[in-house]
Amino acid sequence: MDPNEFPHLNDAQLESIRKVAGIFGMNALQSLAAATPAEQVERVNAFDAYERGLIAHVRGNLQSAAVEPKPPTRSF
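Each residue of the sequence shown is one higher than the last, beginning at 55 in our numbering.
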């Protein structure tokens with residue numbers, strides 16, 4: 055990915071584009087590159103919001119799993 059294709063995006067937004075390319079492949083960037091700068095920012099922000107929500111969901115599940123009591127083990 056050439057950062058010069060997206061000169062209006064900041065470093066964090068460029069990192070998000072790298073993540074998108076890693077997940078969906080470089081072909082996913084073609085439609086992003088064809089979008090207007092405002093649309094690009096909107097799409098990157100939507101991806102970031104989705105990623106944050108997914109991380110929060112996973113963390114919540116991990117924390118609740120750690121808090122749940124484990125069933126007693128039987129000794130024979």
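Where is the CB? At the ideal position from N, CA and C, for every residue including glycine.
Under 8 angstroms Cβ to Cβ from Ile71, same chain only, skipping five residues before and after it: list those, please. Met55, Phe60, Leu63, Leu83, Leu86, Val98
Three-state class that DSSP yields for Asp65 in the structure shown: In the structure shown, Asp65 sits in a helix (DSSP, three-state: H, G or I).
Given this structure, state the Cα-to-Cα distance separating Pro35 from Leu108, to the nearest angstrom. No statement about residue 35 is possible, as the shown extent of the chain runs from 55 to 130 and does not include it.
What are the start and end residues of the alpha helix (DSSP H) that includes Ala89? From DSSP, Ala89 is part of no alpha helix (DSSP H); its letter is neither H nor E.
CA-CA distance, His111 and Lys73? In this structure, the CA atom of His111 is about 19 angstroms from the CA atom of Lys73.
Should Gln117 be labelled buried (16 or more other beta-carbon atoms within 10 Å of its own) or exposed? exposed
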